[in-house]
Amino acid sequence: MQNEKIGKRFWKEFAKGIIISNPVFILALGLCPTLAVTSSLDNALGMSAGVIFVLLCSNIIISSMRKIIPETVRIPVFIVVIATFVTILSLVFQAYLPPLYESLGIYLALIVVNCIILGRAEAFASKKSVLLSISDALGAGIGFTLALIIISLPREILGTGSLSVVGRILFKLPVLFENPMAIFILPPGAFLVIGLLLALFRWLGVVKNE
Amino acid sequence: MKFKNILSNKIYAVVFLTAVVLISVSLLMAVNNVTAPKVKAQQEDKIKSLLSGIFPQMDTYNYEDEIYTVYQDDKEIGYAFLANGKGYGGEINILVGLDKDFIVKRVIVVSNTETPGLGSKITESSFTDQFTGLSAGDIFLKKNGGKIDAVTGATISSDAVAEAVRNAMLKKIDAVK
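Going down the list, the protein sequences come from chains A and B.
Read in order, the letters of the first sequence correspond to residues 1 to 210 in the working numbering.
Read in order, the letters of the second sequence correspond to residues 1 to 177 in the working numbering.
See the structure below:
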């Protein structure tokens, strides 16, 4: 009975991050890196993998330490933990995935100040059990990933006339490839796509208003 | 009693944060030790492949005082160095390869943050091929009396490349002589 209850809560926290509390479309957190890395699907996937890794590790560590973290240095401790994992991620990418490391550029280091991660640490991991913190991190991380994929698909297809995954070109559209709408891979295009998608989500009623 | 609680809380906070930082730093040092050799090897590989691209007959190269001297069969066949300049969007880094008469063999734009679709076209061979065969005195944009056609719509980026290459050439050629 106890295990069933825990299992149910696990899935509830997980599912929450995907739609109802989607970090990008609902909570509007982490929009800066979102705008920057969604110019290509590969960058979006790379960034998402990084964010999931950091989110998971920081939630686990912070949650396991939650009872001994002194109140007064709470935020500095969170930031040191998060920055440590982001640096590890950065070193690993630099050594083993150099092309991704170069495309992400400064946005890799900026994961430290991605509000999603600090937000989940403050609002959830510092208060709930390790198991629930794991499901919260996975939910928010996958929600973030889905949001990034949904945004980067139109941006890359319209902005370059083609789509590539892990370096392999999936397809090229005939007219668009020679004359791509470059605005979509530039910052204004990012704002346009995100704005339109936000409007679409609200119109479909998938979003529950606060 | 109350006073003691506050004091011990403050000290505990400092100790705790210090401990967290120490653990974090040790962890990072460990990870860095594992990844650093790999990163260094990659950078050397990258330079090597860039130099081979410019000098296909290269056997070995030597790096001293920021100049790469390229050898084939122990004979000096050329020189290469990194030039950098300020472009429209930031720093542009260019690998310049010269033959032993200090004429440009080829230039490769190694890194840039110019506008995608416009200034970023300076990396394309249709632009960089123009540098081949020129001496430093010719490396200006056509509108400034030189022989380089700017990328359409990206005059600033193109000019930045020409200026960076020319200035580096003048400086390094002096150093080699």
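Note that the Cβ used here is the ideal one computed from N, Cα and C, for glycine as well.
Since we're looking at a predicted model, the values are computed, not measured.
Per-residue DSSP class, three states only, for alanine 28 of chain A = The answer is coil: DSSP assigns alanine 28 of chain A none of H, G, I, E or B.
Nonlocal neighbours in the same chain, by C-beta distance under 6 Å from arginine 166 of chain B, ignoring five residues either side | Within its own chain, the residues whose Cβ lies closer than 6 Å to the Cβ of arginine 166 of chain B, once the five positions on either side in sequence are excluded, are Ala136 and Ile139, listed in chain order.
Out of A:Leu200, A:Ile79, A:Ser152 and A:Leu89, state which residue places its alpha-carbon closest to the alpha-carbon of glycine 105 of chain A.
-> Nearest option by C-alpha distance: A:Leu89.
Listed by chain order, chain A residues near glycine 117 of chain B by CB distance under 7 Å | The contacting residues are Ala182.
Unbroken alpha helix (DSSP H) runs of length 4 or more, entirely within the region 30–97 of chain A: which are they?
-> Counting only runs of 4 or more, we get 31–37, 41–64 and 74–96.
Considering leucine 158 of chain A, what are the terminal residues of the beta strand (DSSP E) in which it resides?
-> Per DSSP, leucine 158 of chain A is not a residue of any beta strand (DSSP E); the alpha helix (DSSP H) it occupies stretches across 130–160.
In angstroms with no decimal places, state the Cα-to-Cα distance between alanine 36 of chain A and alanine 36 of chain B.
-> Per the coordinates, the alpha-carbon of alanine 36 of chain A lies some 28 Å from the alpha-carbon of alanine 36 of chain B.
Leaving out five residues on either side along the sequence, give the residues of the same chain with a beta carbon under 7 Å from the beta carbon of tyrosine 61 of chain B.
-> If the five residues before and after tyrosine 61 of chain B are omitted, its C-beta is found closer than 7 Å to the C-beta atoms of Leu51, Tyr68, Thr69, Val70 and Tyr71, all from its own chain and listed in chain order.
Would DSSP call glutamate 76 of chain B helix, strand or coil?
-> Strand at glutamate 76 of chain B.
CB contact check: threonine 87 of chain A to chain B, cutoff 7 Å = With a threshold of 7 Å between beta carbons, threonine 87 of chain A makes contact with chain B.
Segment contact, 8 Å Cβ cut-off, at least three pairs: the region 173–190 of chain A with the region 49–57 of chain A | Segments in contact, no.
Residues sharing a beta bridge with alanine 83 of chain B, DSSP | DSSP lists B:Ile94 as partners of alanine 83 of chain B.
So what does threonine 60 of chain B bridge to, in DSSP terms?
-> Paired residues: B:Tyr71.
Can you tell me which of the three DSSP states serine 111 of chain B falls into?
-> Judged by DSSP in its simplified three-state form, serine 111 of chain B adopts strand.
Those runs of the alpha helix (DSSP H) which lie wholly inside the region 99–131 of chain A and span at least 4 residues | Taken in chain order, the whole alpha helix (DSSP H) runs of length 4 or more contained in the region 99–131 of chain A are 106–109 and 115–120.
Starting from the N-terminal side, write out each stretch of the alpha helix (DSSP H) that is 4 residues or longer and does not extend beyond the region 103–157 of chain B.
-> DSSP runs (the alpha helix (DSSP H)) wholly in the region 103–157 of chain B: 125–128.
Of all the CB atoms in chain B, is at least one closer than 7 Å to the CB of leucine 100 of chain A?
-> Chain B, which has no Cβ nearer than 7 Å to the Cβ of leucine 100 of chain A, makes this no.
Identity of the residue in B:Ile77, B:Asp99, B:Ala80 and B:Thr113 nearest glycine 90 of chain B by Cα | Nearest Cα to glycine 90 of chain B within the set B:Ile77, B:Asp99, B:Ala80 and B:Thr113: B:Thr113.
Near-chain A residues of the region 16–48 of chain B (beta-carbon distance less than 7 Å), N- to C-terminal order | Those would be Phe16, Leu17, Val20, Val21, Ser24, Leu27, Leu28, Val31, Asn32, Thr35, Lys38, Val39 and Gln42, in chain order.
Contact set for isoleucine 103 of chain B: own chain, Cβ-Cβ below 8 Å, skip 5 residues either direction = Within the same chain, Gly133, Leu134 and Ser135 come within 8 Å of isoleucine 103 of chain B by CB-CB distance, once the 5 residues on both sides are set aside.
Name the DSSP bridge partner or partners of valine 165 of chain A?
-> In DSSP, valine 165 of chain A forms a bridge with A:Arg168.
Interface flag, tyrosine 12 of chain B vs chain A, CB-CB below 7 Å = Cβ-Cβ to chain A under 7 Å: yes for tyrosine 12 of chain B.
Taking buried to mean at least 16 other C-beta atoms within 10 Å of its own C-beta, is glutamate 210 of chain A buried or exposed?
-> A caution first: glutamate 210 of chain A carries a pLDDT of 45, below 50, which makes its placement in the model unreliable, though a value can still be read off. Glutamate 210 of chain A comes out exposed.
Examine chain B for any beta-carbon lying closer than 7 Å to the beta-carbon of glutamine 94 of chain A, and answer yes or no.
-> It does: the Cβ of glutamine 94 of chain A has a partner Cβ on chain B nearer than 7 Å.
Determine the burial state of glutamine 130 of chain B: buried for a count of at least 16 other Cβ atoms within 10 Å of its Cβ, exposed for fewer.
-> A residue is called buried when at least 16 other Cβ atoms come within 10 angstroms of its Cβ; glutamine 130 of chain B meets this threshold and is buried.
Could you pull out every unbroken alpha helix (DSSP H) segment of at least 4 residues lying fully inside the region 2–28 of chain A, listed in chain order?
-> The qualifying runs are 2–18.
Output, in chain order, the set of chain B residues within a Cβ distance shorter than 7 Å of valine 73 of chain A.
-> Neighbours of valine 73 of chain A on chain B, chain order: Ala13, Phe16 and Leu17.
Work out the CA separation of alanine 80 of chain B and leucine 170 of chain B for me, nearest whole Å.
-> Computed Cα separation, rounded: 13 Å.
Please state whether DSSP places aspartate 99 of chain B in a helix, a strand or coil.
-> The answer is strand: DSSP assigns aspartate 99 of chain B an E or B state.
Does the Cβ of serine 158 of chain B have 16 or more other Cβ atoms within 10 Å, making it buried, or fewer, making it exposed?
-> With 16 or more other Cβ atoms from the protein chains shown falling within 10 Å of its own Cβ, serine 158 of chain B counts as buried.
For proline 180 of chain A, which residues of its own chain have a beta-carbon under 6 Å away from its beta-carbon, when the five flanking residues on both sides are left out?
-> So the list reads Gly159, Thr160 and Gly161, once near-sequence residues are dropped.
Burial state of serine 135 of chain A (16 or more Cβ within 10 Å) | Buried: at least 16 other Cβ atoms inside 10 Å.
Inter-stretch contact at 8 Å, needing at least 3 Cβ pairs: the region 91–99 of chain B / the region 39–46 of chain B = Fewer than three pairs of CB atoms, one per stretch, sit closer than 8 Å, so the region 91–99 of chain B makes no contact with the region 39–46 of chain B.
Where alanine 13 of chain B falls: helix, strand or coil (DSSP) | Assigned with DSSP and collapsed to three states, alanine 13 of chain B falls in helix.
Give a yes or no on whether the C-beta atoms belonging to glycine 139 of chain A and lysine 16 of chain A are separated by under 7 Å.
-> Taking 7 Å as the cut-off, the beta carbon of glycine 139 of chain A is found closer than this to the beta carbon of lysine 16 of chain A.
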